[in-house]
Amino acid sequence: AFGDIVNAESYYRRAVALDPALAVAHYQLAVWSRRFGGSLAEQRAAMASAVRHLDRAPPREQLLIRAFAAHLDGADGDAISLFREATERFPEDGRAYYELGDVLRHGDELALAVPCFERAVALAPHLGWAPGQLAEALGALGRADELRGFIARWEATASPVSLHAVAVGRGWLGDAAGAEAA
Numbered sequence: 001a002f003g004d005i006v007n008a009e010s011y012y013r014r015a016v017a018l019d020p021a022l023a024v025a026h027y028q029l030a031v032w033s034r035r036f037g038g039s040l041a042e043q044r045a046a047m048a049s050a051v052r053h054l055d056r057a058p059p060r061e062q063l064l065i066r067a068f069a070a071h072l073d074g075a076d077g078d079a080i081s082l083f084r085e086a087t088e089r090f091p092e093d094g095r096a097y098y099e100l101g102d103v104l105r106h107g108d109e110l111a112l113a114v115p116c117f118e119r120a121v122a123l124a125p126h127l128g129w130a131p132g133q134l135a136e137a138l139g140a141l142g143r144a145d146e147l148r149g150f151i152a153r154w155e156a157t158a159s160p161v162s163l164h165a166v167a168v169g170r171g172w173l174g175d176a177a178g179a180e181a182a
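In terms of our numbering, the numbers along the sequence shown are unbroken and rise by one, the last being 182.
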């Protein structure tokens with residue numbers, strides 16, 4: 001639920017307080033801050049701590065940390081390469097696909113972002129903003145038939161994440177009443 005997502009910040013902060021060298025908690029705090037309006041200074045501070053303790057993170061998280069740090073530093077080419085490496089080395093991890101798609105989306109590479117979001121949604125249907133950003137990308141690209149197919153699947157699951165995607169998708173299709181209902 002959304003409340004759990006918002007409360008995640010307190011858990012990440014507690015984890016960091018309990019173990020200041022826990023790279024993964026610093027990374028998650030930076031990601032959370034990025035998604036929920038934290039300052040760039042907060043994001044960079046959390047990532048600096050994650051990078052400083054990188055050797056304590058598992059290999060998959062090391063790649064994600066390095067990639068997200070590159071993104072925060074404005075080195076999106078490096079971030080894209082690292083996220084692609086993460087998708088190749090850990091193809092079952094929806095987070096890597098999502099983060100790759102998100103960086104591509106922010107770079108206005110929507111056609112390249114769509115397969116990343118599709119894979120993220122297939123691997124982890126309730127992964128944060130992935131379904132909504134897939135809906136946004138498909139809508140912006142005018143791929144209405146594909147968008148309608150996803151909307152039908154998302155309506156069948158009716159979770160907060162999928163209903164957000166339905167609302168975004170219906171908005172792109174010009175169905176304001178359907179978006180509001182979702």
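Beta carbons: idealized from backbone N, C-alpha and C, even for Gly.
Thinking just about the alpha-carbon of each residue, which of Leu54, Leu64, Ala156 and Ala165 is nearest to the one in isoleucine 80? For isoleucine 80, the nearest C-alpha among the options comes from Leu64.
Taking its Cβ as the centre, do 16 or more other Cβ atoms sit within 10 Å of alanine 17, making it buried, or is it exposed? Alanine 17 is exposed by the Cβ-count criterion.
Whose C-alpha, out of Ala70, Leu123, Gln62 and His106, is nearest the C-alpha of glutamine 133? The residue among Ala70, Leu123, Gln62 and His106 with its C-alpha nearest the C-alpha of glutamine 133 is His106.
If you check the beta carbons only, do valine 103 and proline 131 fall under 8 Å apart? No, Cβ-Cβ distance for valine 103 and proline 131 is not below 8 Å.
Assess contact between the stretch 132-151 and the stretch 164-172, defined as three or more Cβ pairs (one per stretch) separated by less than 8 Å. Is contact present? The stretch 132-151 is in contact with the stretch 164-172.
Is the beta carbon of glycine 149 sitting closer than 8 Å to the one on alanine 120? No, the pair does not count as a contact, with Cβ atoms beyond the cut-off.
What residues in its chain sit with their C-beta under 7 Å from that of leucine 110, if we drop five residues either side in the sequence? Cβ contact annotation for leucine 110 (same chain, cutoff 7 Å, sequence separation greater than five): Ala137, Ala140 and Leu141, in chain order.
So does the stretch 37-48 actually touch the stretch 80-98, counting three or more Cβ pairs closer than 8 Å? They do not touch, by the three-pair rule.
Spatial distance of isoleucine 151 from alanine 122 (CA atoms): Near 14 Å, if we compare the C-alpha coordinates of alanine 122 and isoleucine 151.
Excluding the 5 residues preceding and the 5 following glutamate 118 in the sequence, name in chain order all residues of the same chain whose CB lies nearer than 8 Å to its CB. Same-chain partners within the cutoff: Leu134.
Exposure label - leucine 40; buried when at least 16 CB within 10 Å: In summary, leucine 40 is exposed, with fewer than 16 beta-carbon neighbours lying within 10 Å of its beta-carbon over all protein chains present.
What first and last residue would you give for the alpha helix (DSSP H) that runs through histidine 71? From DSSP, the alpha helix (DSSP H) with histidine 71 extends over 59-72.
Counting only runs of 4+ residues fully inside the stretch 114-182, write out the alpha helix (DSSP H) ranges in chain order. Taking only runs of at least 4 residues, the alpha helix (DSSP H) segments lying wholly in the stretch 114-182 are 130-140, 144-157, 160-172 and 176-181.
Rounding to the nearest angstrom, what Cα-Cα distance links valine 31 and glutamate 99 in this structure? A direct Cα-Cα distance of roughly 10 Å separates valine 31 from glutamate 99.
So, alanine 96 versus histidine 53, is the Cβ gap smaller than 8 Å? With contacts defined by Cβ atoms closer than 8 Å, alanine 96 and histidine 53 do not form a contacting pair.
Tell me, please, whether the CB atom of glycine 139 is closer than 8 Å to any CB atom in chain B? The chain labelled as chain B is not found in the depicted structure, where only one protein chain is given.
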